[in-house]
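Be aware that the sequence shown starts at 655, since it is given in the numbering used here, and climbs by one per residue.
Just so you know, even glycine gets a beta-carbon here, dropped at the ideal spot from N, CA and C.
Below you'll find the structure, written out as structure tokens, and then a few comments.
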Amino acid sequence: AQRYDGTHPGTYQYFLRGRTRAPQPDELVAERGTAPRLSVFDKALKGFRYHEALDAALLNGSPEVVVGVLEELVQRSGLRIALHGRNQQTLQPLIGFLARQITRPPHATVLVGVANLLLDMYAPVFGQSAAVDELFVKLRATCEAEVQLQADLAQLMGAMDVLLAGAVPARPMGVTSTDRDGTSLLRRPAKLQKLQKNNRPADGGAVQPAAVYAEGGHP
655 AQRYDGTHPG TYQYFLRGRT RAPQPDELVA ERGTAPRLSV FDKALKGFRY HEALDAALLN
715 GSPEVVVGVL EELVQRSGLR IALHGRNQQT LQPLIGFLAR QITRPPHATV LVGVANLLLD
775 MYAPVFGQSA AVDELFVKLR ATCEAEVQLQ ADLAQLMGAM DVLLAGAVPA RPMGVTSTDR
835 DGTSLLRRPA KLQKLQKNNR PADGGAVQPA AVYAEGGHP
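Here it is, written out as structure tokens:
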């Protein structure tokens, strides 16, 4: 048997084949791109430093970025860890962000839950910092104003429904039509109209109901 001079599958040399071969002009060469740079909060999330990730998002991120970090913390069950152990300097940016963004519809669902958890965690320390207390009062005023606005809008919608319901005319069950004698009648089924024409008196008088009922019609 002839000896095989090539590399055998499964060997180290087999996986290194083609490294020294120059590409041909008609071959597609894949470019080696650089890895994307991670932001500060992404690196902190990757290292499970939730407190640092939230602080970095509040410092340099847009509202969408901050809400995205909060949603990621909720998914990782790390929101309580990120909110725990904060002092006056680290609480102020967070409460100020909640007071500004909690009424925005895209962010309200997430931020209401964050505000409830924050109040439950730091309610025992109310009154120890005037700056933090002022921000909590601002947050409360924002929420009360939004609740009052929603109540006023609900009352306005109810009043508009009443006005619109009264403005729409009532429709009859049938479409009115004028008979030959000038009387306005509701449109009746075709069978009943045919019976009326067949039983109409020769002098053009009105049809008696009894004549119609006798033929098996219905009022």
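Check: Exposure of R740, with buried meaning 16 or more beta-carbon neighbours within 10 Å; Outcome: buried
Check: Alpha-carbon to alpha-carbon, L818 and F695; Outcome: 52 Å
Check: Bounding residues of the alpha helix (DSSP H) (the contiguous stretch that carries H761); Outcome: 759-776
Check: Beta-carbon separation (whole angstroms), V764 vs E800, contact threshold 8 Å; Outcome: Wrong, their Cβ atoms sit about 15 Å apart, outside the cutoff.
Check: With 16 other Cβ atoms within 10 Å as the buried cut-off, status of V816; Outcome: exposed
Check: Assumed close pair L708, L727 - CB separation to whole angstroms, cut-off 8 Å; Outcome: 7 Å
Check: Any non-hydrogen atom of the ligand SAM closer than 7 Å to F695 Cβ; Outcome: The ligand SAM is absent from the structure shown, which contains no ligands of any kind.
Check: Classification of H662 by the beta-carbon crowding that lies within 10 angstroms, buried from 16 upward; Outcome: exposed
Check: Inter-residue spacing [alpha-carbon to alpha-carbon] between A791 and N770; Outcome: Reading the sequence as shown, one finds Val at residue 791 and not Ala. Their backbone Cα atoms lie some 14 Å apart in a straight line.
Check: Residue range of the alpha helix (DSSP H) that includes A736; Outcome: 733-737
Check: Local Cβ density within 10 Å of V779, reported as buried at 16 or more and exposed below that; Outcome: exposed
Check: Whether L737 touches L712 by CB criterion (8 Å); Outcome: no
Check: Simplified DSSP state of D806, which is helix, strand or coil; Outcome: helix
Check: For Y704 and L733, the rounded distance between their alpha carbons; Outcome: 8 Å
Check: Classification of V768 by the beta-carbon crowding that lies within 10 angstroms, buried from 16 upward; Outcome: buried
Check: Three-state secondary structure (DSSP) of P677; Outcome: coil
Check: Spatial distance of G820 from Q809 (CA atoms); Outcome: 17 Å
Check: For A684, three-class secondary structure by DSSP; Outcome: coil
Check: 7 Å Cβ shell around D787 - same chain, five flanking residues per side excluded; Outcome: F780, G781
Check: Same chain only: Cβ atoms within 8 Å of R746, ignoring 5 sequence neighbours per side; Outcome: Contrary to the premise, residue 746 reads as Gln rather than Arg in this sequence. These residues qualify, in order along the chain: A785, V786, L789.
Check: Where the alpha helix (DSSP H) containing N714 begins and where it ends; Outcome: 704-714
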